[in-house]
Amino acid sequence: MEKQLLELKLRKLLMWINIINMKLGKQNLTFLVFLFLTSFASGQKRSEIEKKYLLVNGKPTFINGANYSPSTGWFQILDNWNAKAVEQDMDSLHSIGLDFIRFMPLWYLTQREKDKFDQQKIDRLNELVTIAGKRYIMVQPSLLSGWLCGGIFTPKWIDKNMFTNADEIKATANMVTTISKTLSTNPYVHSYDFGNEINALKAVGGFSATPGQTKLWMATMYKAFKAGDPDRLVTNGIGTGYDEFFPVENIAPACDYMSAHSYSYFHATIADDPWFGLRTTYSTNLMVAWAKMAGKPVLMQETGVSGDWMTQEQRARYLELSYFSCWAEGAAGFVWWCSHNIDTAFRVKPAMDGREFVGKGKFDPLEYQMGLLDAKNNKFPVAEAFKSCIGFAAKLGLNWTDQLPVCYIFAPETISFNNYFRKCINAYVLAKQNHVDVRFLQENDIVPADASFVIIPGFSIKPENRKNVSNYLQSGGTVYQSYYNDLAPNINVNQEVNTNIELPTELLINKHIANLNLLEKFSVAGHLKMAQMNWSWNYETLLKTCPDCANHSMNEKGDGVYFKTQVGKGNYYYTRLNLEESLCDTYNPWNSDESYKLYSVLKPVQDIDIDSKFVEFYHKKNATAEIIILLNHTDKYQETNIVSQKKISLKNMRKDGNFSKSTLFNIRLKPAEVLFLEVER
Numbered sequence: 042m043e044k045q046l047l048e049l050k051l052r053k054l055l056m057w058i059n060i061i062n063m064k065l066g067k068q069n070l071t072f073l074v075f076l077f078l079t080s081f082a083s084g085q086k087r088s089e090i091e092k093k094y095l096l097v098n099g100k101p102t103f104i105n106g107a108n109y110s111p112s113t114g115w116f117q118i119l120d121n122w123n124a125k126a127v128e129q130d131m132d133s134l135h136s137i138g139l140d141f142i143r144f145m146p147l148w149y150l151t152q153r154e155k156d157k158f159d160q161q162k163i164d165r166l167n168e169l170v171t172i173a174g175k176r177y178i179m180v181q182p183s184l185l186s187g188w189l190c191g192g193i194f195t196p197k198w199i200d201k202n203m204f205t206n207a208d209e210i211k212a213t214a215n216m217v218t219t220i221s222k223t224l225s226t227n228p229y230v231h232s233y234d235f236g237n238e239i240n241a242l243k244a245v246g247g248f249s250a251t252p253g254q255t256k257l258w259m260a261t262m263y264k265a266f267k268a269g270d271p272d273r274l275v276t277n278g279i280g281t282g283y284d285e286f287f288p289v290e291n292i293a294p295a296c297d298y299m300s301a302h303s304y305s306y307f308h309a310t311i312a313d314d315p316w317f318g319l320r321t322t323y324s325t326n327l328m329v330a331w332a333k334m335a336g337k338p339v340l341m342q343e344t345g346v347s348g349d350w351m352t353q354e355q356r357a358r359y360l361e362l363s364y365f366s367c368w369a370e371g372a373a374g375f376v377w378w379c380s381h382n383i384d385t386a387f388r389v390k391p392a393m394d395g396r397e398f399v400g401k402g403k404f405d406p407l408e409y410q411m412g413l414l415d416a417k418n419n420k421f422p423v424a425e426a427f428k429s430c431i432g433f434a435a436k437l438g439l440n441w442t443d444q445l446p447v448c449y450i451f452a453p454e455t456i457s458f459n460n461y462f463r464k465c466i467n468a469y470v471l472a473k474q475n476h477v478d479v480r481f482l483q484e485n486d487i488v489p490a491d492a493s494f495v496i497i498p499g500f501s502i503k504p505e506n507r508k509n510v511s512n513y514l515q516s517g518g519t520v521y522q523s524y525y526n527d528l529a530p531n532i533n534v535n536q537e538v539n540t541n542i543e544l545p546t547e548l549l550i551n552k553h554i555a556n557l558n559l560l561e562k563f564s565v566a567g568h569l570k571m572a573q574m575n576w577s578w579n580y581e582t583l584l585k586t587c588p589d590c591a592n593h594s595m596n597e598k599g600d601g602v603y604f605k606t607q608v609g610k611g612n613y614y615y616t617r618l619n620l621e622e623s624l625c626d627t628y629n630p631w632n633s634d635e636s637y638k639l640y641s642v643l644k645p646v647q648d649i650d651i652d653s654k655f656v657e658f659y660h661k662k663n664a665t666a667e668i669i670i671l672l673n674h675t676d677k678y679q680e681t682n683i684v685s686q687k688k689i690s691l692k693n694m695r696k697d698g699n700f701s702k703s704t705l706f707n708i709r710l711k712p713a714e715v716l717f718l719e720v721e722r
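In terms of my numbering, the sequence shown is numbered consecutively and its last residue is 722.
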């Protein structure tokens, strides 16, 4: 921190020297200071790229921040400037430990005409950055913010062709370069974001473009940022889903690091599970894991819950669970939406072209209660929870290595993530219930060497992409696929002809393996359909239908539905059922549904494991310590057994409490509790 402050002071000194020299016509002193700063910065770059985290002064740093919604004047504060209010806001955010804010200067305020900029607004933006920086808070300006909180705020000269019109693209790039160049001398700029959820202009605003055109547009804007401020990082925060117009593979080339947004409300997982449920609370992890396919650090740039949805105490628990889940998942930082509640008396002013904000300047009720602080800078319990999380995470550090087996979930090569999300998150939850490290992989990628097993959840891999996963399987890998069989010719399947019958919700386990216990009943919550398949000797039947489960111990009539066969040196597991898709039809099925057991047969034995399907599990080590992290993803108490292959003792790292040496520990987790345990061997 001392080195960072020194660099900031030196950069500020350079700005003043430049001003003096411009008046005196001198350059030598500036040049000497510039040489010194250059040599200093070469060894102490403020922000660089690492595989997992962003670096500050060469040190990996977990970002703790909020999207800054000013307590006075909302995001239109640049039009109704109140520096004192900004200072009070930043004092309050600094008091809870935040070191980062993202701010959206509304586009129509800074560039009213194609070739005209409002210098006063740009100067105010620069001042806002400086006010924050003096309180040790770095700022990420989102310069192309034409969409925010349900409203369109593009300038009047922008039309629906902003992604394709050459003149509009040129003018937009000019704005990006002009403002980033102005901010380039401000030492408190952390990085740049394209704008608030650029994809919403396409998806909600109806702006026209093809995926190729949006990809080219992003590349152009990235170059524009670098032209104005070549030393700062650039990201592009995409709203809640990477659709076909803004997929990860198109965003990544125009970003130095990725930024993910996650809301159970807008992902609609709240329609599938309660607020503290598996699909709702895991959606944040999933967005981080999905963005990680780019191979770059991933900032959780937006997540949060409204006081319109739950109590303030529940919001605090939700933040703590989400924060540490993201931390453990390997996100580069955690940024809450948002810093301050909106004053209910505030009304959004019409834009210069006369456009009215939705609801005559009013917001959706949820928007008024998203803050860490109220409009008078009073702290909600969620702010105190954030402060506690930041303090403990700082003590933990970041140099941890994950010890869990790695599961890769295959993603179709070309797909709208929004369309795939619900099936995808069911596979993600089933894998998480087996306490493994869950990652995503596009179907045309080579399976990494660290893969313990691969999941292909309910889609068929393109023939031209099957070679990579087939090679992995042939060389000894473990692969699971549901409904479509692409890899085992000895399992004869015709997905085009379905039985079209309502399968029973109870199946019969035909073989004891992993968590499947011979002749026990197996409950499935979804509405299942089943692919046609010819019988053969070439596979083992692990699970079958149970027409008469009351007499299942002697039942020979059931059809096989889950199979294992050898392909090369590897094992291929196949189910005829549309398992992951079927779970989309059932609200909060997890108490009765046992589908996770199908995945349990895939994973290797772990050194340390747990038995609760409602608790997220991490096992990490660094050079001097070993920890276990348990996160209860429900609003109920969860009894959880920790099982170790060798005797260990455990120490509660956040509260008093030790567990004597054993191979079995029973832990009772409180609703949404996060528990850190230090392992001693």
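Positions of the beta carbon are idealized from the N, C-alpha and C atoms, including for glycine.
Buried or exposed: H308, going by 16 or more other Cβ atoms within 10 Å of its Cβ? buried
So, using beta-carbon positions, are S366 and N326 closer together than 8 Å? yes
Contact under 8 Å by Cβ, Q181 with F141: yes
Anyone know if the C-beta pair for Y323 and I496 falls short of 8 Å? no
Looking at the unbroken beta strand (DSSP E) that takes in C296, where does it start and where does it end? Looking at the DSSP string, C296 is not in any beta strand (DSSP E), and its letter there is neither H nor E.
How is the beta strand (DSSP E) around C448 delimited, first residue to last? 447–452
Nearest by alpha-carbon distance to Q254: which of Y603, L710, G412, F204 is it? Closest by alpha carbon: F204.
Reduced DSSP category for R273 - H, G, I as helix; E, B as strand; rest coil: coil
Among E721, R709, G400, K100, which residue has its Cα nearest to the Cα of S703? E721
Is it right to say M393 is buried, meaning 16 or more other beta carbons lie within 10 angstroms of its own, or is it exposed? Counting other Cβ atoms within 10 Å of its Cβ, M393 stays below 16 and is therefore classed as exposed.
Complete runs of the beta strand (DSSP E) confined to the stretch 547–618 [at least 3 residues]: 547–550, 562–564, 572–574, 581–586, 601–608, 611–616
Cβ pair count under 8 Å reaching 3, the stretch 703–719 against the stretch 671–679: yes
Buried or exposed by the 16-neighbour rule on C-beta atoms within 10 Å, applied to V346: Classification of V346: buried, given that the 10 Å Cβ count is 16 or more.
Of all the beta strand (DSSP E) runs that stay within the bounds of the stretch 328–370, which reach a length of 3 or more residues? 339–344
Since D234 sits in a beta bridge, which residues does DSSP pair it with? Its beta-bridge partners are S183, T276.
Between the beta-carbon of I669 and the beta-carbon of I649, is there less than 8 Å? yes
Drop a sphere of 10 angstroms on the beta-carbon of Q353, count the other beta-carbons inside from all chains shown, and report buried for 16 or more, exposed for fewer. exposed
Whole angstroms is fine: what's the gap from K162's alpha carbon to I220's? 10 Å
Find the nearest neighbour of N673 within the set V646, F717, N237, D130, judged by alpha-carbon distance. F717
Look at the alpha carbon of L360 and the alpha carbon of A490, and state the distance between them as a whole number of angstroms. Rounded to whole angstroms, L360 to A490 spans 34 Å at the Cα level.
Quick one: residues in its chain with C-beta nearer than 8 Å to the C-beta of I193, no 5 flanking neighbours on either side, listed in chain order? G187, L242, G246, R396
Below 8 Å between beta carbons: does that hold for N206 and D234? no
In its own chain, which residues sit with a C-beta less than 6 Å from the C-beta of K337, not counting the 5 before and 5 after it? The beta carbon of K337 lies closer than 6 Å to those of Y298, M299 in the same chain, with the five residues before and after it left out.
Classify D405: buried if its beta carbon has 16 or more other beta carbons within 10 angstroms, exposed otherwise. exposed
Please state whether DSSP places H308 in a helix, a strand or coil. In the structure shown, H308 adopts helical secondary structure according to DSSP, grouped into three states.
Work out the CA separation of F658 and K18 for me, nearest whole Å. Residue 18 is absent from the model: the chain starts at 42 and stops at 722.
Given 8 Å as the limit, is there contact between the stretch 525–535 and the stretch 601–611, that is, 3 or more CB pairs closer than that? yes
Contact under 8 Å by Cβ, I137 with F427: yes
Do A330 and F458 have their C-beta atoms within less than 8 Å of each other? Going by C-beta atoms, A330 is not nearer than 8 Å to F458.
Check this for me: beta carbons of L584 and L560, under 8 Å apart or not? no
P489 - containing alpha helix (DSSP H), residue span: Here P489 belongs to no alpha helix (DSSP H), and DSSP marks it neither H nor E.
Let's see if you can read the secondary structure: which residues bound the beta strand (DSSP E) around G106? 104–108
Taking all protein chains shown into account, decide if E370 is buried (16 or more other Cβ within 10 angstroms of its Cβ) or exposed. Burial call: buried.
Does the separation of the CB atoms of Y637 and Y521 fall below 8 Å? no
Determine the DSSP secondary structure at L705, reduced to helix, strand or coil. In this structure, L705 counts as strand in the three-state DSSP scheme.
Ignore the nearest five residues each way along the sequence and tell me which others in V477's own chain have a CB closer than 6 Å to its CB. L445, P446, C448, K644
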